[in-house]
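Asks: Going by the working numbering, the first residue of the sequence shown is number 1036, and it counts up by one from there. Quick reminder that beta carbons are idealized off the backbone N, C-alpha and C, glycines included. Computed from a predicted model, the values in this text were never measured in an experiment.
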Amino acid sequence: MRAPLALAAGLALAPAAAYADRYEATLTATVHGGMARVGAPGAAAETAPAFGGAVRLAHAWRNSVAWDVGIAGAVTQPATFRDAEATVNGRTVTGDATRRTATIAPQLGAELRWGLRRQPFVRAALGPQLRYQSAADVDIYPAALPAGWSLDAIASLGVGVDLRVGRRNIVGLALQLDHGQPVAGGAPVDILGLTVRVGRAWYPRWWAPSW
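1. Out of R1202, G1193, E1120 and G1201, point me to the one whose CA is closest to Y1176's CA.
2. Could you check whether the segment 1197-1204 touches the segment 1158-1170, counting it as contact only if at least three pairs of C-beta atoms, one from each stretch, sit closer than 8 Å?
3. Can you check whether the CB of E1146 is closer than 8 Å to the CB of D1103?
4. State the start and end residues of the unbroken beta strand (DSSP E) segment that holds D1103.
5. Report the partner residues of N1204 according to the DSSP bridge assignment.
6. Spell out whether any CB of chain D is found under 8 Å from the CB atom of V1206.
7. Is it buried or exposed for I1226, if we count other Cβ within 10 angstroms and need 16 for buried?
8. When the distance is taken between beta carbons, is A1107 closer than 8 Å to A1060?
9. Starting from G1144 and walking both ways along the beta strand (DSSP E), at which residues does that stretch end?
10. Would A1071 be called buried (16 or more neighbouring beta carbons within 10 Å of its own) or exposed?
11. Run the CB neighbour count on A1182, radius 10 Å, all protein chains shown included, and call it buried at 16 or more, exposed below.
12. Going by the beta-carbon positions, is the gap between V1196 and Q1154 smaller than 8 Å?
13. If I'm right that I1189 touches G1162 with Cβ under 8 Å, what's the distance once you round it to whole angstroms?
14. Below 8 Å on the Cβ atoms is my contact criterion, and I expect V1224 with T1136 to pass it. Report the Cβ-Cβ distance as a whole number of Å.
15. What separation, rounded to the nearest whole angstrom, lies between the Cα atoms of R1057 and R1166?
16. Per DSSP, S1185 is paired with what?
17. Classify Y1058 as helix, strand or coil using the three-state DSSP reduction.
18. Give the range of the beta strand (DSSP E) segment to which P1177 is assigned.
19. Which of the three DSSP states is assigned to A1080 in this structure?
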């Protein structure tokens, strides 16, 4: 908890100087932690702590707008579902089931940003997401819910602020919500958390003017 508070204090107190513009590219790494809400067959959704990260490459269309491509992933702590359903030897059984969820998602995003050295921003992104859920016992039946992969459509929204540290370095803090909706039906997965990001900016020769 101390690291996000220290970062937030730095964002508020740092003097304005550097700024983003339409010629820059950025490579950013993020880590986030928060809570996930996931479901299981026949059971009410449950919450569990979730942790993850992402890597993104961004390029600015103009001073206030940048697009990005990247890949993100997250994993939850095991969640216990009450009255989960499974099929065993052709019949439906119910009981408690404990399983972990993990996701990986390539994303295409766009970011609106304002300000000089301190830059509030809003980022939105879409993409496909692969979701893995571990096997789980149901009542007395071992591994009645098998491990497996499924496909989601994911939408991500982040609101936060960046701090420009010198000409090239960027640190930021954001509140982020990721919503994964199953393509073939089923319970969605939602992750709400605090994201810390660190980036590096430069000017590709093929895009920037010849300064």
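Replies: Straight from the coordinates:
1. E1120
2. no
3. A distance below 8 Å separates the beta carbons of D1103 and E1146.
4. V1100 to T1111
5. Partner residues in the beta bridge of N1204, as assigned by DSSP, are V1200 and R1235.
6. Checking the listed chains, one finds no chain D in this structure; it contains a single protein chain.
7. buried
8. no
9. T1136 to R1148
10. Buried: at least 16 other Cβ atoms inside 10 Å.
11. exposed
12. yes
13. 6 Å
14. 6 Å
15. The straight-line gap separating the alpha-carbon atoms of R1057 and R1166 is approximately 35 Å.
16. R1166
17. coil
18. Element bounds for P1177: Y1176 to L1180.
19. For A1080, the three-state secondary structure derived from DSSP is strand.
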